[in-house]
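So the structure is just underneath, and the comments pick up after that.
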Amino acid sequence: MKAVVQDRYGSPDVLELRDVDKPVPGDDEVLVRVRAAGLNAYDWHLMRGDPYVARLALGPRAPRARIRGRDFAGEVAAVGRNVRDLGLGDEVFGEVDGTFAEYVCVPDAWVERKPAALTFAQAATLPLAGNTALRGLRDVAGLRSGQHVLINGASGGVGTFAVQIAKAFGAEVTGVCSTRNAELVRSLGADHVVDYTREDFTRSGRRYDVVLDLAASQGIAGLRRALTPTGTLVLGSGGSPGQFLGAPVLILQGLALSPFVRQRLRPLVGPAPSKAVLAELRELADSGRLAPVIDRTYPLGEAPEAVRYLEEEHARGKVVVTV
Ligand SMILES: NC(=O)c1ccc[n+]([C@@H]2O[C@H](COP(=O)([O-])OP(=O)(O)OC[C@H]3O[C@@H](n4cnc5c(N)ncnc54)[C@H](OP(=O)(O)O)[C@@H]3O)[C@@H](O)[C@H]2O)c1
Numbered sequence: 073m074k075a076v077v078q079d080r081y082g083s084p085d086v087l088e089l090r091d092v093d094k095p096v097p098g099d100d101e102v103l104v105r106v107r108a109a110g111l112n113a114y115d116w117h118l119m120r121g122d123p124y125v126a127r128l129a130l131g132p133r134a135p136r137a138r139i140r141g142r143d144f145a146g147e148v149a150a151v152g153r154n155v156r157d158l159g160l161g162d163e164v165f166g167e168v169d170g171t172f173a174e175y176v177c178v179p180d181a182w183v184e185r186k187p188a189a190l191t192f193a194q195a196a197t198l199p200l201a202g203n204t205a206l207r208g209l210r211d212v213a214g215l216r217s218g219q220h221v222l223i224n225g226a227s228g229g230v231g232t233f234a235v236q237i238a239k240a241f242g243a244e245v246t247g248v249c250s251t252r253n254a255e256l257v258r259s260l261g262a263d264h265v266v267d268y269t270r271e272d273f274t275r276s277g278r279r280y281d282v283v284l285d286l287a288a289s290q291g292i293a294g295l296r297r298a299l300t301p302t303g304t305l306v307l308g309s310g311g312s313p314g315q316f317l318g319a320p321v322l323i324l325q326g327l328a329l330s331p332f333v334r335q336r337l338r339p340l341v342g343p344a345p346s347k348a349v350l351a352e353l354r355e356l357a358d359s360g361r362l363a364p365v366i367d368r369t370y371p372l373g374e375a376p377e378a379v380r381y382l383e384e385e386h387a388r389g390k391v392v393v394t395v
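What follows is the structure, given as structure tokens:
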């Protein structure tokens, strides 16, 4: 089968479309014929081995998982003997390493039936970013109906889901984005939009019960200034390519300060894939409360260009590779 593989860490130039063996599912796995793969910052973190310290876990010269891509939507092509709830031809979506490929094996616990209302490309955008937005707002922030939440980075892959999920929870939502994305963020349901090219939300005097930071564009003092005295800051940014300070420093500052202040300062650390969360995302999508925004779609062979575009950190919603 064809797959996008890397043998060393580096820029998108290290990604190559190649023939590799088609995987065989284990007893608790499902073999999926991939129809679309959504991109995430996760992909370039693994591709580059960035931050360097992550290489201790990922592998010294290249990631042990050589095929890139994490999110997928596709059709079940085979099932392991312990898999009961899925069968041949079922349309599914989920999260596992190695989805820039014609086929991928995924543990049964990380795959669910795809939302009927969505195309394969749309469904492939949901798993990682939707999981991050849902868990960040609900489990880390404890967002409740009637609370006021600010989402910094509202027009990106995670932010476009976070705005819609926060609205579905009944929150009052402020989205921070640039001028060109203001209309998009409003159309997703944001009650207020702050254009970061014209206004600094940390200096406006307005205070929010929850701030979900996906941009790492402000220091910890500014982010805290935008919070109510007992508000919750969720530090969700993973940092930019080649940037060794920034997001990790924010997280360390948040962790160090948190025990001494009334505000809750919480990191959002890669939530594990979950069948239950996939089912919740499907329910939100099928009921019309969550609609993916796709910026660009690339064929499998152009996956390096897709990652290059994502790395610019100005995608409007999600970037997808179709297989
Ligand atoms: N903790 C976790 O588990 C987890 C999981 C997934 C992602 N993440 C992290 O979450 C962050 C966001 O991910 P993503 O997939 O949404 O990234 P993304 O799609 O690359 O985000 C791009 C968006 O960021 C906006 N942006 C750029 N500079 C900004 C600024 N100064 N203020 C506000 N918005 C700005 C851009 O808008 P303009 O073009 O208008 O500037 C663009 O729409 C990343 O750092 C990623 O690593 C964390």
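Numbering of the sequence shown is given in this note's numbering, commencing with residue 73 and proceeding in unit increments.
Using N, Cα and C, we set each Cβ at its ideal position, and we do this for glycine too.
This structure is a prediction, so every number in the text was calculated from the model and none was measured.
Using the rule of at least 16 other Cβ atoms within 10 Å of the residue's Cβ for burial, across every protein chain shown, is residue 309 buried or exposed? On the sequence shown, residue 309 is found 237 positions in, with the first residue counted as 1. So residue 309 ends up on the buried side.
Which residue wins for smallest C-alpha separation from residue 301, given the options 320, 324 and 336? Taking the first residue of the sequence shown as position 1, residue 301 is located at position 229. If we check each option's Cα against that of residue 301, 336 comes out closest.
Which residues bound the beta strand (DSSP E) around residue 224? Taking the first residue of the sequence shown as 1, we reach residue 224 at position 152. For residue 224, the uninterrupted beta strand (DSSP E) segment begins and ends at 220 to 224.
Return the first residue and the last residue of the alpha helix (DSSP H) that residue 295 is part of. Along the sequence shown, read from residue 1 onward, the residue named residue 295 stands at position 223. 292 to 297 is the extent of the alpha helix (DSSP H) around residue 295.
Between the Cα of residue 37 and the Cα atoms of 125, 376, 217 and 345, which residue gives the shortest distance? Since the displayed the chain opens at 73 and closes at 395, residue 37 lies outside it and no answer follows.
Counting C-beta neighbours from all protein chains within 10 Å, is the total for residue 271 16 or more, i.e. buried, or is it exposed? Within the sequence shown, the letter at position 199 stands for residue 271. By the beta-carbon neighbour count (other beta carbons within 10 angstroms, threshold 16), residue 271 is exposed.
For the alpha helix (DSSP H) containing residue 94, name the first residue and the last one. By 1-based counting over the sequence shown, the position of residue 94 is 22. It is not in any alpha helix (DSSP H) - residue 94 carries neither H nor E in the DSSP assignment.
Give the C-beta separation of residue 101 and residue 152 to the nearest angstrom, bearing in mind that I take them to be a contact with Cβ-Cβ under 8 angstroms. Translated into the one-based positions of the sequence shown, residue 101 becomes position 29. Translated into the one-based positions of the sequence shown, residue 152 becomes position 80. With a Cβ gap of about 5 angstroms, residue 101 and residue 152 count as contacting.
Quick one: is the Cβ of residue 184 within less than 7 angstroms of any heavy atom of ligand 1? If you number the sequence shown from 1, residue 184 lands on position 112. Distances taken from the Cβ of residue 184 to the heavy atoms of ligand 1 include none shorter than 7 angstroms.
Ligand 1 and residue 319: does the residue's C-beta get closer than 7 angstroms to at least one heavy atom of that ligand? Mapped onto the sequence shown, residue 319 falls at position 247. Correct: residue 319 has its Cβ closer than 7 angstroms to ligand 1.
Alpha carbon to alpha carbon, how far is residue 322 from residue 73? On the sequence shown, position 250 is the one that residue 322 refers to. On the sequence shown, position 1 is the one that residue 73 refers to. About 42 angstroms.
Inter-stretch contact (C-beta, 8 angstroms, three-pair minimum) for the segment 221 to 240 and the segment 342 to 362: Yes: at least three Cβ pairs fall under 8 angstroms.
For ligand 1, I want to know if residue 298 counts as a neighbour, meaning its beta carbon is within less than 7 angstroms of at least one of the ligand's heavy atoms. As a first step, residue 298 is located in the sequence shown; it is residue number 226 there, counting from the start. Answer for residue 298: no, Cβ out of range of ligand 1.
Within 8 angstroms, strictly: CB atoms of residue 231 and residue 247: Within the sequence shown, residue 231 is the residue found at index 159, counting from 1. Within the sequence shown, residue 247 is the residue found at index 175, counting from 1. Contact check for residue 231 against residue 247 passes: the beta carbons are separated by less than 8 angstroms.
Specify the secondary structure class of residue 108 as computed by DSSP and reduced to three states. Residue 108 sits at position 36 when you count from the first residue of the sequence shown. Assignment of residue 108 by DSSP, reduced to helix, strand and coil, places it in the strand class.
Considering only heavy atoms of ligand 1, does any lie closer than 7 angstroms to the CB of residue 101? Locating residue 101 in the sequence shown gives position 29, counting from the first residue. Distance from the C-beta of residue 101 to the nearest heavy atom of ligand 1 is not below 7 angstroms.
Following the continuous alpha helix (DSSP H) through residue 237, name the residue where it begins and the one where it ends. On the sequence shown, residue 237 is found 165 positions in, with the first residue counted as 1. Following the DSSP letters along the chain, one finds residue 237 inside the alpha helix (DSSP H) bounded by residues 229 to 240.
Please classify residue 193 as buried or exposed, where buried requires at least 16 neighbouring CB atoms within 10 angstroms. Taking the first residue of the sequence shown as 1, we reach residue 193 at position 121. Around the beta carbon of residue 193, 16 or more other beta carbons sit within 10 angstroms, so the residue counts as buried.
DSSP state of residue 300 mapped onto helix, strand, coil: Numbered from its first residue, the sequence shown carries residue 300 at position 228. In the structure shown, residue 300 sits in a strand (DSSP, three-state: E or B).
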